[in-house]
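In the UniProt record's numbering, the protein residues as written are 1 to 257.
In structure tokens:
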């Protein structure tokens, strides 16, 4: 069974990754390109994640039952040299809001099989921040970081894989489709975690565990799979008669909506 993190673990990861992101961004120029997100500069990246943190904070703090109608205010970052302090202020406010949120918080969530809202938002923002920290790291390196360089802890990676595969991938908006149905097992080599992804002309169906009759297997360390399935790395292997990774690279572009 996948290793799911507690609220405290997720908040610790969010805090750590926000700190690492700020550190990476401080080592480059706001105008520098982000290799893992070619359409963005570092400044664009920091404005995006800082705005996402403020958006999530509003939902959690106000217990909103639906998404905010106009989120432009959250992304109104300063144009001067205070961009990074603005980011740190937003991430700190998000952590405080999640720490103060009651376990029975009632608030808007947007993924299938979502955990309770307080846990959902801690989880979602921990992984949002982790992936964008890797993006900031790519700007410093001038290339995609290796799995070892990204240094994502195995439990965090397993939790993120579970969110991606059971939350994002099965949504009706998913473009992961094929006219000839197939099943692929995605399995970590360093943790007891595996999922079977059934792809067809309908939205994907994801189940925990490895189906022995699957047509292909995608394997790697949990961190390598985490990066690879977020389209941030290639340290994974695929064996079988179908090419899930080919379909994934062409069709899976995760967004929140």
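Just so you know, even glycine gets a beta-carbon here, dropped at the ideal spot from N, CA and C.
Cα-Cα separation, residue i to residue j
i, j, result
"residue 238", "residue 22", "35 angstroms"
"residue 125", "residue 203", "25 angstroms"
"residue 81", "residue 178", "48 angstroms"
"residue 230", "residue 117", "23 angstroms"
"residue 89", "residue 249", "35 angstroms"
"residue 106", "residue 162", "23 angstroms"
"residue 215", "residue 185", "8 angstroms"
"residue 9", "residue 55", "22 angstroms"
"residue 67", "residue 73", "14 angstroms"
"residue 59", "residue 44", "23 angstroms"
"residue 191", "residue 218", "14 angstroms"
"residue 11", "residue 122", "6 angstroms"
"residue 15", "residue 91", "8 angstroms"
"residue 228", "residue 234", "5 angstroms"
"residue 129", "residue 244", "26 angstroms"
"residue 252", "residue 176", "6 angstroms"
Residue i classed as buried or exposed, judged by whether at least 16 other C-beta atoms fall within 10 angstroms
i, result
"residue 212", "exposed"
"residue 75", "exposed"
"residue 17", "buried"
"residue 78", "exposed"
"residue 102", "exposed"
Under the three-state DSSP convention, the category residue i falls into
i, result
"residue 26", "helix"
"residue 230", "coil"
"residue 36", "coil"
"residue 257", "Note that residue 257 has pLDDT 35, beneath the 50 cutoff, so the model's placement of it is unreliable and no number is given."
"residue 63", "coil"
"residue 69", "coil"
"residue 7", "helix"
"residue 77", "coil"
"residue 91", "helix"
C-beta atoms of residue i and residue j nearer than 9 angstroms
i, j, result
"residue 94", "residue 25", "no"
"residue 87", "residue 49", "yes"
"residue 196", "residue 221", "no"
"residue 42", "residue 32", "yes"
"residue 144", "residue 30", "no"
"residue 242", "residue 225", "no"
"residue 207", "residue 198", "yes"
"residue 27", "residue 140", "yes"
Boundaries (first-last residue) of the beta strand (DSSP E) holding residue i
i, result
"residue 206", "205-208"
"residue 188", "182-188"
"residue 157", "Element bounds for residue 157: not the beta strand (DSSP E) but the alpha helix (DSSP H), 154-163."
Short CB-CB distance (under 9 angstroms) between residue i and chain C
i, result
"residue 250", "Here there is only one protein chain, and chain C is not present."
Terminal residues of the alpha helix (DSSP H) in which residue i lies
i, result
"residue 149", "147-150"
"residue 142", "Here residue 142 belongs to no alpha helix (DSSP H), and DSSP marks it neither H nor E."
"residue 246", "244-251"
"residue 221", "It is not in any alpha helix (DSSP H) - residue 221 carries neither H nor E in the DSSP assignment."
"residue 194", "From DSSP, residue 194 is part of no alpha helix (DSSP H) but of the beta strand (DSSP E) over 194-199."
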